[in-house]
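From first to last, the protein sequence lines stand for chains A and B.
Be aware that the first sequence starts at 474, since it is given in my numbering, and climbs by one per residue.
Be aware that the second sequence starts at 474, since it is given in my numbering, and climbs by one per residue.
Protein chains: 2
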Amino acid sequence: MERSGISDTQGMEVRIERQSLHDAILNRLRDMIIEGHLPPGSRLNEGQIGAQLGVSRTPLREAIKFLASEGLVELVPTRGAVVKKFGAKEVLDMIEVLRMLEQHAGARACEIASDEAIAEIRALHDEMLACYRRQDRLAYYKLNQAIHTGIVALADNGSLSEVHARLQTRLKRIRFVGHEGPEKWANAVAEHEEMIAALEARDADRLAAILGKHLTQAWERVKDGLDA
Amino acid sequence: MERSGISDTQGMEVRIERQSLHDAILNRLRDMIIEGHLPPGSRLNEGQIGAQLGVSRTPLREAIKFLASEGLVELVPTRGAVVKKFGAKEVLDMIEVLRMLEQHAGARACEIASDEAIAEIRALHDEMLACYRRQDRLAYYKLNQAIHTGIVALADNGSLSEVHARLQTRLKRIRFVGHEGPEKWANAVAEHEEMIAALEARDADRLAAILGKHLTQAWERVKDGLDA
DNA sequence: GTTCTGAACTCTGTATACAGCATACTTGAT
DNA sequence: ATCAAGTATGCTGTATACAGAGTTCAGAAC
Chain A
474 MERSGISDTQ
484 GMEVRIERQS
494 LHDAILNRLR
504 DMIIEGHLPP
514 GSRLNEGQIG
524 AQLGVSRTPL
534 REAIKFLASE
544 GLVELVPTRG
554 AVVKKFGAKE
564 VLDMIEVLRM
574 LEQHAGARAC
584 EIASDEAIAE
594 IRALHDEMLA
604 CYRRQDRLAY
614 YKLNQAIHTG
624 IVALADNGSL
634 SEVHARLQTR
644 LKRIRFVGHE
654 GPEKWANAVA
664 EHEEMIAALE
674 ARDADRLAAI
684 LGKHLTQAWE
694 RVKDGLDA
Chain B
474 MERSGISDTQ
484 GMEVRIERQS
494 LHDAILNRLR
504 DMIIEGHLPP
514 GSRLNEGQIG
524 AQLGVSRTPL
534 REAIKFLASE
544 GLVELVPTRG
554 AVVKKFGAKE
564 VLDMIEVLRM
574 LEQHAGARAC
584 EIASDEAIAE
594 IRALHDEMLA
604 CYRRQDRLAY
614 YKLNQAIHTG
624 IVALADNGSL
634 SEVHARLQTR
644 LKRIRFVGHE
654 GPEKWANAVA
664 EHEEMIAALE
674 ARDADRLAAI
684 LGKHLTQAWE
694 RVKDGLDA
């Protein structure tokens, strides 16, 4: 893009700390995509991004390949990577799979989760409610994700959690845009309340129903603003 | 600069054709892992493999990162990549997810698949039967995979197909080892027969049942020979 | 004015070079 | 003989160099 990448304050210097550089770059890139800095369909300019992150093209390209396998970017033969663009059908498909996974996980969670583990989810939920009251959308959003991830984790199935996380990551960018109005937001909060209640009651059917409904609503919130 | 013609001690002549080198390396690596050339837990020596494939370390490393995101190898901080080792629980978890996906896909397929598409699956099945008769395990194995992939594809959900393929790939190596005896093999063939019948009858419940049973059997066939 | 062509520039794809860490090996002392 | 310490070696992680494909823009021809 023609945006002057390093324009901001002089200290735009990004210090990559001594965790794996690979992971650091990966997180940076994911953020850039999710937050819309790299809009869907745009090419990833290795030289520019590398300079911006203060690393050479080599580890950057490796991270990009990783993202490609994750499905966040697409590899185009002599043109490098472009940020993957999801059409309506694709998003709907992903949500359908997500529904399947969450419902299954929820049912399993009702069977095997410990009371303590459920209490932790409840704690996250309460925290999220606090964010809702003070209208802190970002924190709310993150806790929301954490709760869904947490419920899936209750099923104690690594593969299930992994697949769920992968799909959730792809949808993050979509959802990030979805700033629902006050009434819809309130609705989502109410759904969450019922979700936790069903979980605490270990009522698998009710939990599955509300999880399914919740995802349908999520779809309703984002489906406009997608092409095709 | 070296020519990419490689004569190797094992006679594994490798000639990379003019598709994307990236994809070519990827396929080679997957094969090496699935076929057990690179046993679980072993490190991937970039220098050696690169020489064997006739490519430098750069594109090879990129392919490895891709595989890491696919979950076939694991990245260990200063030790490179090691072939991922799946324990019994992990395999069981994957099979559980696979069951969920296939059953869902099967049900959906019964609703929306065209007669022609189902006929194509039937054709694959017949072909597989021929392989069974002449005891061609490898061809049987490949058609087997293709049939399951095909049934999932009938659901017309890209995300579902993708996730399924990913899990299937991971299990390939496990299943590759599983050389079941004649009676079990006959059993598996019978299950497939019933599977196709249920699909043609568009009997979602029966199809789900048999798909579930089939995967349970698959687990029975491979569960010994796994640690932990 | 339009279009074709070619040259310069940009960016990707691949190879090579280099530094740092980890492990194995050797050598010397107890 | 055992153990410790230093050294050598191998491999990974990162940067840089180079070649080729693609794109853009300008200039010439019509």
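Ideal placement from N, C-alpha and C gives every residue a C-beta, glycine not left out.
In this structure residue 601 of chain B does not touch residue 585 of chain B by the C-beta definition: roughly 24 Å separates them, more than the 8 Å allowed. Between the alpha carbons of residue 575 of chain B and residue 521 of chain A lies a gap of roughly 43 Å. Taking 9 Å as the Cβ-Cβ cut-off, the stretch 538-550 of chain A approaches chain B at 538, 539, 540, 541, 542, 543, 544, 548 and 550, given in chain order. Taking all protein chains in view, the Cβ of residue 529 of chain A is surrounded by fewer than 16 other Cβ atoms within 10 Å, so the residue is classified as exposed.
Contact annotation: residue 683 of chain B and residue 664 of chain B have beta-carbon atoms nearer than 8 Å. When Cβ-Cβ separations below 8 Å define contact, residue 584 of chain A makes no contact with chain B. In the DSSP assignment, residue 555 of chain B falls within the unbroken beta strand (DSSP E) covering 553-556. Note on geometry: alpha-carbon atoms of residue 688 of chain B and residue 609 of chain A lie some 46 Å from one another. Taking 7 Å as the cut-off between beta carbons, the residues of the stretch 567-578 of chain A near chain B are 567, 569, 570, 573 and 577, in sequence order. Take residue 514 of chain B, set aside five residues on each side of it, and the residues of its chain with a beta-carbon closer than 7 Å to its own are 555, 556 and 558, in chain order. Under the 8 Å criterion on CB atoms, residue 633 of chain A is classed as interfacial with respect to chain B. Within chain B, the residues placing a beta-carbon under 8 Å from that of residue 630 of chain A are 566, 569 and 570, ordered along the chain. Looking at the backbone, the Cα of residue 506 of chain A and that of residue 599 of chain B are separated by about 46 Å. Contact with chain B is found for residue 531 of chain A, since one of that chain's Cβ atoms lies less than 8 Å from the residue's Cβ.
Sorting A/672, A/617, A/634 and A/545 by C-alpha distance to the C-alpha of residue 604 of chain A places A/617 at the top. Secondary structure note for residue 548 of chain B: its beta strand (DSSP E) is the uninterrupted segment 546-549. Counting C-beta atoms within 10 angstroms of its own C-beta, residue 538 of chain B has 16 or more neighbours from the protein chains shown and is therefore classed as buried.
Think of a sphere of 9 Å around the beta carbon of residue 563 of chain B: the chain A residues whose beta carbon falls inside it are 631 and 632, in chain order. When DSSP reads this structure, residue 607 of chain A sits in no beta bridge, so it has no partner. Taking the C-beta atoms as reference points, residue 623 of chain A is found no nearer than 8 Å to residue 644 of chain A.
Selection B/669, B/627 and B/560 evaluated against residue 692 of chain B yields B/560 as nearest (Cα-Cα). Taking C-beta separations shorter than 7 Å and ignoring five residues to either side along the sequence, the partners of residue 532 of chain B in its chain run 494, 495 and 498, following chain order.
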